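Note sheet for the following structure.
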Amino acid sequence: MPFIGKHSTVIFYEAALYNVSVGKNTQRHSRQGYSEALNIRSSKDQKRFRSVDIETTTQFTTTKQIDVYTEKLPTVRHVNKSSTIGMSQSIKLSKCHNPINHVAFLKVHKASSTTVMNIFLRYGDSHRLNIVLPKSVKQSAFNYLGYGVTVQKKRINKIPSNETYNILCNHAVFDKEAFAELLGPHSFNIGIVRDPFTHFPSAAYYYGLLSRIKKRFSDIKDAEELLSIFLKTPDSFGSILHIHNGMFSDFGLPKKDFYNEEAINKGINDLDKEFALVMVTELFDESLILMRRILCWEIKDILYVPLNINKKKKKNPIVLTEDTKKNLFKYNYADFKLYMYFRDKLLEQIKDEGDDFYSEVRYFKKVHVMVTKFCNESYLKKFSSSESILIKASVWNKAFTINSQECKFMMSSELPLLKGLMSKAETRYNNWLEKTFESFSGNRAVFQKRNVIS
0 MPFIGKHSTV IFYEAALYNV SVGKNTQRHS RQGYSEALNI RSSKDQKRFR
50 SVDIETTTQF TTTKQIDVYT EKLPTVRHVN KSSTIGMSQS IKLSKCHNPI
100 NHVAFLKVHK ASSTTVMNIF LRYGDSHRLN IVLPKSVKQS AFNYLGYGVT
150 VQKKRINKIP SNETYNILCN HAVFDKEAFA ELLGPHSFNI GIVRDPFTHF
200 PSAAYYYGLL SRIKKRFSDI KDAEELLSIF LKTPDSFGSI LHIHNGMFSD
250 FGLPKKDFYN EEAINKGIND LDKEFALVMV TELFDESLIL MRRILCWEIK
300 DILYVPLNIN KKKKKNPIVL TEDTKKNLFK YNYADFKLYM YFRDKLLEQI
350 KDEGDDFYSE VRYFKKVHVM VTKFCNESYL KKFSSSESIL IKASVWNKAF
400 TINSQECKFM MSSELPLLKG LMSKAETRYN NWLEKTFESF SGNRAVFQKR
450 NVIS
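Those letters in the sequence shown? Residues 0 to 453, by numbering that gives the first Met the number 0.
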């Protein structure tokens, strides 16, 4: 059983005590689960923020060619304080004019990361930036920049020698030096984590663990019961990627340290220094607004349509029993500590943003609903419509439009989208090579002619 330190948030599961965070204060809760303990320091502030109300006037007009959505909001104070983030980087939000264009997003398995990846791919493509992409569809697991390891240069696309990479968002295990080598020492790192109680069932279903258990216990149909059986003797089922502390594995924790308290705490503290933001799936829109502010991006840049969601499992989620939760906590101990630390930190970051933060979140949610509705209609028309949706200017954004082709991008599956971007990047690189060769040949001819004359 994991060591219980005296400076830890402690949770009761029946009679069991578990160390679950890297906090400074020890506080005890009985049977509510770790989410209640997680909210100890932030619940009052969060309640205060969520109670902030604003008067809004919403107008939604539909015509043949355009949808118009606008929300009039009162002028609000923008935060003047500096928002400090990883690697001693900071941005004064009230003077945010220059967007950050060198960003790595750590694509964590089964944590809504495909949706976030699409946001980064769309940003990179629409701003004509260099994206770190797979080199070839012929390589195994081609959408991985490193399969179970960090980025491997032999697996990535080439770019003109006088340019740099800007965006990295494909699967690869985090490594500070490897990421910085590609994007530069001043690039920003963004990650994401998900509640381990929902992450584990999702990963177990997606990566075939449930199927493996069913083969041994064919008479059992209930998914929760199958997972309960697994968690009692997990080692007897062999190793399956992305199941055992899968999130912290993506963040770079080696398997040998899964139950090493000192290594786990050091790993979390190191990540805290290296990541400008670790998003939380359960606070997805809040995470996006915070990311927008940190990176100095526009509202349009962070719009999305949810991707890679198992609708069947969403309608019938696997609900774990308390005994199963206890065993899962022991099995994925490192993931729980990682999740709780960064969820707690996210809430603190949100608190530091001021009262206007949740006003922006509410506004974004309304815009998101309208854009999603428009994109779903575009999907039914096979994205052939010339219509677009106009989002009028507000205190949060300049006026912008979303057209059917942008909807198509947001709704594209990962692999076809990557193939299209890889083809575009290869064409651009080959054109650069051709121009470079022509320029070299021309200069060489001029040089030879001068030598003949002389």
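The C-beta atom is built at its ideal place from N, Cα and C for all residues, glycine as well. Source: prediction; values computed, not measured.
Where residue i falls, given that 16 or more other Cβ within 10 Å makes a residue buried
i: Thr426; result: exposed
i: Glu437; result: exposed
i: Phe408; result: buried
i: Gly245; result: buried
i: Phe250; result: buried
i: Ser135; result: exposed
i: Asn331; result: buried
i: Asn188; result: buried
i: Gly123; result: buried
i: Glu359; result: buried
i: Leu327; result: buried
Sequence-distant residues of its chain with Cβ nearer than 6 Å to residue i (five each side left out)
i: Thr400; result: Ser387, Leu389
i: Ile212; result: Leu225, Phe229
i: Ile317; result: Pro200, Ala222, Glu223
i: Trp296; result: Pro98
i: Gly190; result: Leu105, Phe274, Val277
Cα-Cα separation between residue i and residue j, rounded to whole angstroms
i: Gln404; j: Tyr146; result: 32 Å
i: Val304; j: Thr232; result: 39 Å
i: Asn100; j: Leu128; result: 8 Å
i: Lys109; j: His198; result: 7 Å
i: Val148; j: Lys397; result: 41 Å
i: Lys241; j: Ala392; result: Looking at the sequence provided, one finds His at residue 241 rather than Lys. Looking at the two C-alpha atoms, the distance is approximately 43 Å.
i: Asp194; j: Leu432; result: 47 Å
i: Phe173; j: Asn375; result: 35 Å
i: Ala333; j: Phe247; result: 7 Å
i: Lys344; j: Ile267; result: 12 Å
i: Ser383; j: Ser377; result: 7 Å
i: Gln151; j: Leu182; result: 14 Å
i: Leu252; j: Thr163; result: 28 Å
i: Ala203; j: Ala140; result: 19 Å
i: Arg30; j: Thr320; result: Its pLDDT being 29, under 50, Arg30 is placed unreliably in this model, and the coordinates cannot settle the point.
i: Tyr338; j: Asn259; result: 17 Å
i: Lys365; j: Pro415; result: 29 Å
i: Lys220; j: Ser111; result: 27 Å
Own chain residues within Cβ distance below 7 Å of residue i, not counting five before or after
i: Glu176; result: none
i: Ile349; result: Glu285, Leu289, Phe356
i: Leu270; result: Phe250
9 Å Cβ cutoff, residue i in contact with chain B
i: Lys407; result: The structure shown contains no chain B, having only a single protein chain.
Contacting residues, own chain, Cβ-Cβ under 8 Å from residue i (five flanking each side not counted)
i: Ile301; result: Ile118, Leu287, Ile288, Met290, Arg291, Phe363
i: Glu413; result: Thr113, Met116, Asn117, Asn142, Leu306, Asn307
i: Leu132; result: Ile155, Asn156, Asn169, Leu417, Leu420, Met421, Ala424
i: Ile239; result: Tyr206, Gly207, Leu208, Arg211
Extent of the continuous beta strand (DSSP E) run through residue i
i: Ile191; result: 187 to 192
i: Asn402; result: 399 to 402
i: Leu389; result: 387 to 390
i: Leu276; result: 276 to 279
i: Val102; result: 102 to 104
First through last residue of the alpha helix (DSSP H) which encompasses residue i
i: Ser358; result: 355 to 379
i: Ala140; result: It is not in any alpha helix (DSSP H) - Ala140 carries neither H nor E in the DSSP assignment.
i: Gly123; result: 112 to 125
i: Asp300; result: Asp300 -> no alpha helix (DSSP H), and no H or E assigned at all.
i: Met246; result: 245 to 249
i: Met339; result: 332 to 352
i: Tyr205; result: 195 to 205
i: Leu99; result: According to the sequence as given, residue 99 is Ile; it is not Leu. Premise fails: Ile99 is in no alpha helix (DSSP H) and is neither H nor E.
i: Asp269; result: 260 to 273
Counterpart residues of residue i in DSSP-defined beta bridges
i: Val107; result: For Val107, which the question treats as bridged, DSSP gives no partner whatsoever.
i: Ile130; result: Ile166
i: Ile155; result: Pro133
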